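Engineer: One structure is given below, represented as structure tokens, and several questions about it will come after.
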Amino acid sequence: MGNPVQSSAPPAESLTVRDNRTGKIYTIPITNNTVPATAFKAMAAPRKPGEREENETDKGLRVADKGFLNTAVIQSTITYIDGEAGVLRYRGYPIEQLALHSSHLETAYLLLYGQLPTRDQFRLFEKEVMHHSAVHADAETFFRSFRYDAHPMAMLTSAFAYLGSYYSEANPSLQGQTLYTRSTKAALENMDKQIYRIIGKATTLAAMAYRVRQGRDFVIPPPGLSYTSQFLYLMDHMGQEDYKPSPVLAKALDVLFLLHADHELNASCTTVLQTGSSLVDPYSAVAAGCASLYGPLHGGANEAVIRMLISIGKPENVPAFLDAVKRREKVLSGFGHRVYKTSDPRSFIIRRTADEVFKVAGKDELLETAMALHDAAIKDDFFVSRRLAPNVDFWSGLIYRAMGFPLDFFPVLFAVPRVVGWLAHWRQMMMQQGGVKIWRPRQVYVGAGKRDYVPVEQREAVRGLKVEPAAIPHSGISKRTELADYKGKSKL
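Position 219 of the sequence shown, counting from 1, maps to 223 under the numbering used here, and the rest follow consecutively.
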């Protein structure tokens, strides 16, 4: 986008900045309503007497943006969000239309390749994805190595990284760093093969994480089922003949997967791109995305909604709970969003989907509490003025609970469809003009200035939890060992 230049007649599509420290005037071009952050590096000034050298004033301005509140790190053609208007579009298509007419795998094709497929194109894509749903027999040993009570997200995160060890042709560290950045037929075919594998095996790995927790044998993916029907089969089949999962539940899961497939540069997608910018293999990048999604501020939000509703209990307890939220004694989960400042467009679609599930699975006992909380919060000026409207997590947790999924499996049900969005953004970055540059954010250093090393006997202790490691009390074998005497025992 260019560097700033001094100009007496700046173009209309530009930003004029006067640096009052030096009196210099800079003209910064505006492209697609953005200005290049690197333009500010030219705005250097002499250091003032006594100023910290760590400010690097003479090396140009840095742009501080804690938490990436207004920093664009990549150009994308995939997903558009207007948080003020409550708009979500995949490749230009409104999410409402896709949820009504499309399917998760068709939408996956759209996100990955930019267009809705023809019937033949989709047939090929679906065939390849489903063909790659089977995993190596060694995967059973891998999953059995986890503790009986291991969290399924921990297993899934590890499984994606483990999966990459099987495919040396997918690893730029082994095949050369231009493995995916070359725009050749062979490079694109290799990239697509890894995409088929990851999307196809995502449900299988998730189902294996589920079944190992249930103490069940693993199931081979059957032919002839849809993506979500096969997922339900892999989780639930216990040897029954001609077992077919409920079409209502499979359809509901498909809609939920479609809605969760992508959401622009959220925390997990950004993690995938940050990791992928080192040109690591896509399996490792997806594993990093899973680790990010694991957090309660991201993929664990729908689980938090259910725990909140359980803690509220009955509908008559809602007013007292909301009063506690206003006093900052409680946390309101499932309302508000980092991007959306009005209603989350996905929440309306999920609400309709919930009704379909409740018809066959029965109403969740927490539904009346959820409805009471929903109705009270959207009419309360305290929450309305803060733009805290229901988001996608408020209803999805109720659907998953009605389907019989355990709470700690909810993040897995988020991760499985989200691999599609991660891969779409990863593919786009690998193919971008100019190649891939490793992401390396700047920091604002406010720590100590230069100081000299002090020998240990001359140091004074600095006390406090924030500046020294905590002493942890031990019990059991550790305590008994501390009381024992043995050769080489530390005298500290």
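From the three backbone atoms N, C-alpha and C, an ideal C-beta is built for every residue, glycine too. All of these numbers come straight from a predicted model, not from anything done at the bench.
Between M159 and the rest of its own chain, which residues show a CB-CB distance below 6 Å, the 5 nearest in sequence each way excluded?
Structural biologist: Same-chain partners within the cutoff: F150 and A213.
Engineer: When burial is assigned at 16 or more other CB atoms within 10 Å of the CB, is D368 buried or exposed?
Structural biologist: Its Cβ being crowded by 16 or more others within 10 Å, D368 is buried.
Engineer: Which residue from F261, F387 and L253 puts its Cα closest to that of K363?
Structural biologist: Checked all of F261, F387 and L253; the closest Cα to K363 is L253.
Engineer: Tell me the rounded alpha-carbon separation between H155 and L209.
Structural biologist: Rounded to whole angstroms, H155 to L209 spans 13 Å at the Cα level.
Engineer: How is M5 classed by DSSP in three states: helix, strand or coil?
Structural biologist: Note that M5 scores a pLDDT of 44, beneath 50, so its modelled location is shaky and nothing firm can be said.
Engineer: Assign Y449 to buried or exposed, taking buried as 16 or more other Cβ atoms, counted over all protein chains shown, within 10 Å of its Cβ.
Structural biologist: The residue in question, Y449, is exposed, as its Cβ has fewer than 16 Cβ neighbours within 10 Å.
Engineer: Quick one: which unbroken alpha helix (DSSP H) runs of 4-plus residues sit fully inside the segment 334-391? Chain order, please.
Structural biologist: Listed in chain order, the complete alpha helix (DSSP H) runs (minimum 4 residues) inside the segment 334-391 are 349-365, 371-383 and 385-389.
Engineer: Beta-carbon within less than 8 Å of H498's beta-carbon, same chain only, minus the 5 sequence neighbours each way: which residues are those?
Structural biologist: Any answer about residue 498 is impossible in this case: the structure gives the chain only from 5 up to 496.
Engineer: So Y237 is in the beta strand (DSSP E); what residue range does that whole segment cover?
Structural biologist: Here Y237 belongs to no beta strand (DSSP E); instead the alpha helix (DSSP H) covers Y231 to D240.
Engineer: Count the other C-beta atoms from every protein chain shown that fall within 10 angstroms of the C-beta of F386, then say buried if there are 16 or more, exposed otherwise.
Structural biologist: Exposed, because fewer than 16 other Cβ atoms sit within 10 Å of the Cβ of F386.
Engineer: Given a cut-off of 8 Å on the beta-carbon distance, is the pair G340 and N306 in contact?
Structural biologist: Not in contact: G340 and N306 (Cβ atoms no closer than 8 Å).
Engineer: On a Cα-Cα basis, can you pick out the residue from F398, G480, D153 and A265 that is closest to L336?
Structural biologist: For L336, the nearest C-alpha among the options comes from F398.
Engineer: Give me the residue from P300, L370 and V290 with the minimum Cα distance to K318.
Structural biologist: If we check each option's Cα against that of K318, L370 comes out closest.
Engineer: Using only the alpha-carbon positions, how far apart do Q447 and A13 sit?
Structural biologist: Looking at the two C-alpha atoms, the distance is approximately 34 Å.
Engineer: Mind checking A211: buried by the 16 CB within 10 Å criterion, or exposed?
Structural biologist: Flag for A211 reads buried.
Engineer: Are there 16 or more other CB atoms within 10 angstroms of the CB of M375, so buried, or fewer, so exposed?
Structural biologist: Its Cβ having fewer than 16 others within 10 Å, M375 is exposed.
Engineer: When you compare only the Cα positions, how much space is there between H135 and A163?
Structural biologist: Cα to Cα, H135 sits roughly 19 Å from A163.
Engineer: Can you grab the Cα-Cα spacing for the pair M5 / T42, in whole Å?
Structural biologist: Here the model assigns M5 a pLDDT of 44, short of 50, so the residue's position is not dependable, and the following value carries that caveat. Approximately 9 Å, taken between the alpha carbons.
Engineer: Could you check what DSSP says for P251 in three-state terms: helix, strand or coil?
Structural biologist: If DSSP states are grouped into helix, strand and coil, P251 belongs with the helices.
Engineer: How should A488 be labelled, buried or exposed, when 16 other C-beta atoms within 10 angstroms of its C-beta is the threshold for buried?
Structural biologist: With fewer than 16 other Cβ atoms within 10 Å, it is exposed.
Engineer: V423 lies in the alpha helix (DSSP H); which residues open and close that run?
Structural biologist: Taken as a continuous stretch (DSSP letters only), the alpha helix (DSSP H) holding V423 covers F414 to M435.
Engineer: Measure the C-alpha to C-alpha separation of L19 and M47 and round it to an integer number of angstroms.
Structural biologist: Using only the alpha carbons, I get a separation of about 14 Å.
Engineer: Where does L283 sit, in a helix, a strand or coil, going by DSSP?
Structural biologist: Coil at L283, not helix or strand.
Engineer: Assuming the contact rule is C-beta atoms closer than 8 Å, H429 and L283 should be a hit. Round their C-beta distance to whole Å, please.
Structural biologist: About 15 Å; that fails the 8 Å criterion.
Engineer: Identify, in the order they occur along the chain, each residue of the same chain with its Cβ nearer than 8 Å to the Cβ of Q125, setting aside the five sequence neighbours on each side.
Structural biologist: These residues qualify, in order along the chain: Y113.
Engineer: Using only alpha-carbon positions, find the residue among L238, Q462 and D348 that is nearest to H267.
Structural biologist: Of L238, Q462 and D348, the residue nearest in Cα terms is D348.
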